[in-house]
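*Asks:*
Numbering (mature numbering (1 follows the signal peptide of the UniProt record, and there is no 0)), first residue to last: -22 to -1, 1 to 347.
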C-alpha cells in the first residue's frame, strides 16, 4: 500500500512537471503544497502521540494537483502524508494516502463534485492540512479527530443571497472512513471502520459577509463490521465572528450518538485569536469531550468528561507563506496514550476514578503555496 501511494505521488509530480514545461501560455495544470511540521514534548503522560521524551515525527504534508478541463470543469487530486508520533491512531493511518480525487462542475444551479471529496463539515475540515491558515497545529481534536474527512460519493453545493448576507448549502451522500480513539472502562479503544449509506447536509448563514456566520451539519451512516455495527448520527453546530477588531472568535459543538454498540459523545470548543500585529497572533482555546459509559443492569450509565484541553499559543509569520507557532496544552481526563484508571472501587462499589492530568508543548513550522 505504501509503495503504491509513493509511486502515485511520483507519477503525479512527473506528469505535472513535464506537461507544464511542454505547454506554452497558461497551463491547465495548477499545483499547491502545504507542510505543517512539529516537535512536541509531554509531561509524565503521553498524549496525542507526544511522549515525555519528545518527538519530531509529527507532521502533515499535502500535495494538491488541479487540471482545468473547461471553464466550469476541473479534476482535483490531493495526496497527504500524516505522522502522529507514537499515537495509537497511527496504526490506522497510511504514511501516504489519496485524500481527494474528484471531478467538479460548476453551473447556474450550483456545483457538483463526484469521487473522493472533502466532506463539508464544520469550519476547518476542508483546510485541516493547511497549517498556515489554522490557529493551532491542528483543529480541535475533540471535534475533528483524525477521521470523517472525506466523502466517497458526491457533494452538491449552492450559494444564494440572503438579505445583506448569503446562504450556503451542501448536500452529500455515499460512504466515508471513520477513525477514532474512544475511552472505555478497559482503556482507549482505536476504531477504524467504514460508514456506509452515508447521507448528510451542511448549511452556512453569512449574516454579514466576512464578519459573522453560523453553520449546522447533520450526517447519518451505517457501520457494518465485526466489532461495530448499526447506525450513527452526527450533528455539529458552528459559529464564527470577526466583529471585534483584529479578533476572531469561534465555537463548535458536536454530538455523535447511535447503537451497535451504544454511543453518546458530546464534544465542543471555544476559541479566540487576537492579531497583535502583521507578524504576531495570540491564540487561546478550551475544548472538552463528554462520553456516556453504557453499563448493564443493575449498574447505571455514567457520563464522564473524557478530556478537557486548555490551550494557549503564539504565531509568528516569517513571510513568504511560512510561519512559526508555539503552543501549550494543559489536559485533564482519561484519553491519554497510556492507560489511566477510569473506574475505581470505593466501599465495594465501582465509581468513576479521579481525572488524570497532563500537558504538552508543541512547536511547529508551516508553509504553503
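Every residue, glycine too, gets a C-beta built ideally from N, C-alpha and C.
1) Have a look at 171, 58, 249 and flag the residue whose alpha-carbon is nearest the alpha-carbon of residue 126.
2) If you draw a straight line from the alpha carbon of residue 83 to that of residue 51, how long is it in whole angstroms?
3) Between which two residues does the beta strand (DSSP E) holding residue 36 run?
4) Give me the Cα-Cα distance between residue 17 and residue 25, rounded to the nearest whole angstrom.
5) Based on Cα-Cα distance, which residue from 334, 305, 31, 77 lies nearest to residue 130?
6) Should residue 365 go down as buried or exposed, given a rule of 16 or more other Cβ atoms within 10 Å for buried?
7) Once the 5 residues before and after residue 295 are set aside, which same chain residues still bring their CB inside 7 Å of it?
8) Work out the CA separation of residue 329 and residue 103 for me, nearest whole Å.
9) Taking all protein chains shown into account, decide if residue 49 is buried (16 or more other Cβ within 10 angstroms of its Cβ) or exposed.
10) How do the region 194 to 206 and the region 167 to 181 stand: do at least 3 beta-carbon pairs fall below 8 Å, yes or no?
11) Distance, Cα to Cα, residue 155 vs residue 4?
12) With DSSP as the reference, label residue 29 as helix, strand or coil.
13) Could you check where the alpha helix (DSSP H) with residue 129 kicks off and where it finishes?
14) Taking all protein chains shown into account, do 16 or more other C-beta atoms lie within 10 angstroms of the C-beta of residue 33, making it buried, or fewer, making it exposed?
15) So residue 305 is in the alpha helix (DSSP H); what residue range does that whole segment cover?
16) Taking residue 196 as part of the beta strand (DSSP E), name the residues at either end of that continuous run.
17) Tell me the DSSP secondary structure of residue 296 in three-state form.
18) Under the three-state reduction of DSSP, which class applies to residue 96: helix, strand or coil?
19) Under 6 Å Cβ to Cβ from residue 264, same chain only, skipping five residues before and after it: list those, please.
20) Please confirm if the region 62 to 81 is in contact with the region 89 to 104, defined as three or more CB-CB distances below 8 Å between the two stretches.
21) On the DSSP bridge assignment, give the partners of residue 119 in chain order.
22) Tell me which residues share the same chain as residue 310 and place their Cβ nearer than 6 Å to its Cβ, disregarding the 5 neighbours each side in the sequence.
23) Nearest to residue 269 by CA position, among 278, 282, 210, is which residue?
24) Going by the DSSP bridge assignment, what does residue 14 pair with across the sheet?
25) Pull up the DSSP beta-bridge partners for residue 281, would you.
26) For residue 2, which of helix, strand or coil comes out of DSSP?
27) Can you tell me whether residue 221 is buried or exposed, with buried defined as 16 or more other CB within 10 angstroms of its CB?
28) I need the DSSP call for residue 68, collapsed to helix, strand or coil.
29) Near residue -1, which residues of its chain fall below 7 Å by C-beta distance, leaving aside the five closest residues on each side in sequence?
30) Name the DSSP beta bridge partners of residue 158, please?
31) Have a look at residue 345 and residue 136 and give me their C-alpha separation to the nearest angstrom.
32) Who does residue 218 pair with in a DSSP beta bridge?
33) Excluding the 5 residues flanking residue 234 on each side, which residues of the same chain have their C-beta closer than 7 Å to its C-beta?
34) Would you mind reading off the limits of the beta strand (DSSP E) that contains residue 323?
35) Smallest Cα separation from residue 14: which of 119, 37, 23?
*Replies:* Per the coordinate set shown:
1) If we check each option's Cα against that of residue 126, 171 comes out closest.
2) Taking the straight line from one Cα to the other gives about 4 Å.
3) Unbroken beta strand (DSSP E) run through residue 36: 33 to 46.
4) Rounded to the nearest angstrom, the two C-alpha atoms are 13 Å apart.
5) It is 77 whose Cα lies nearest to the Cα of residue 130.
6) In this structure the chain extends from -22 to 347, so residue 365 is not present and cannot be described.
7) Only 257, 301 meet the Cβ criterion.
8) Taking the Cα positions, residue 103 is about 37 Å away from residue 329.
9) Around the beta carbon of residue 49, fewer than 16 other beta carbons sit within 10 angstroms, so the residue counts as exposed.
10) Yes: at least three Cβ pairs fall under 8 Å.
11) Cα to Cα, the separation comes out at about 37 Å.
12) Reduced to three states, the DSSP call for residue 29 is coil.
13) Counting along the chain, no alpha helix (DSSP H) covers residue 129; the unbroken beta strand (DSSP E) around it starts and ends at 128 to 140.
14) With 16 or more other CB atoms across the displayed protein chains lying within 10 angstroms of its CB, residue 33 is buried.
15) Looking at the DSSP string, residue 305 is not in any alpha helix (DSSP H); the run it does join, the beta strand (DSSP E), is 300 to 311.
16) That run of the beta strand (DSSP E) goes 190 to 202.
17) Strand at residue 296.
18) Residue 96 sits in a strand when the DSSP states are folded into three classes.
19) The answer, listed in chain order, is 248, 288.
20) Because the criterion of three Cβ pairs below 8 Å is met, the region 62 to 81 and the region 89 to 104 touch.
21) Per DSSP, residue 119 has no beta-bridge partner at all.
22) Same-chain partners within the cutoff: 286, 333, 335.
23) Looking at 278, 282, 210, the one whose alpha-carbon comes closest to that of residue 269 is 282.
24) In DSSP, residue 14 forms a bridge with 38, 344.
25) As DSSP reads the structure, residue 281 sits in a beta bridge with 270.
26) Confidence is the limiting factor: at residue 2 the pLDDT is only 43, short of 50, which leaves the residue's position unreliable, though a coordinate-based value still follows. Of the three classes helix, strand and coil, the one that applies to residue 2 here is coil, per DSSP.
27) By the 16-neighbour rule on beta-carbons within 10 angstroms, residue 221 is exposed.
28) DSSP places residue 68 in helix when its eight states are reduced to three.
29) In this predicted model, residue -1 has a pLDDT of only 43, less than 50, meaning its place in the structure is not dependable; the value taken from the coordinates is given anyway. Counting only Cβ-Cβ distances below 7 Å, and skipping sequence neighbours, we find nothing.
30) Assignment of beta-bridge partners to residue 158 by DSSP yields 169.
31) Their backbone Cα atoms lie some 31 Å apart in a straight line.
32) Residue 218 is bridged to 191, 228.
33) So the list reads 210, 212, 241, 243, once near-sequence residues are dropped.
34) 321 to 324 is the span of the beta strand (DSSP E), which, as asked, contains residue 323.
35) Scanning 119, 37, 23 for the CA closest to the CA of residue 14 turns up 37.
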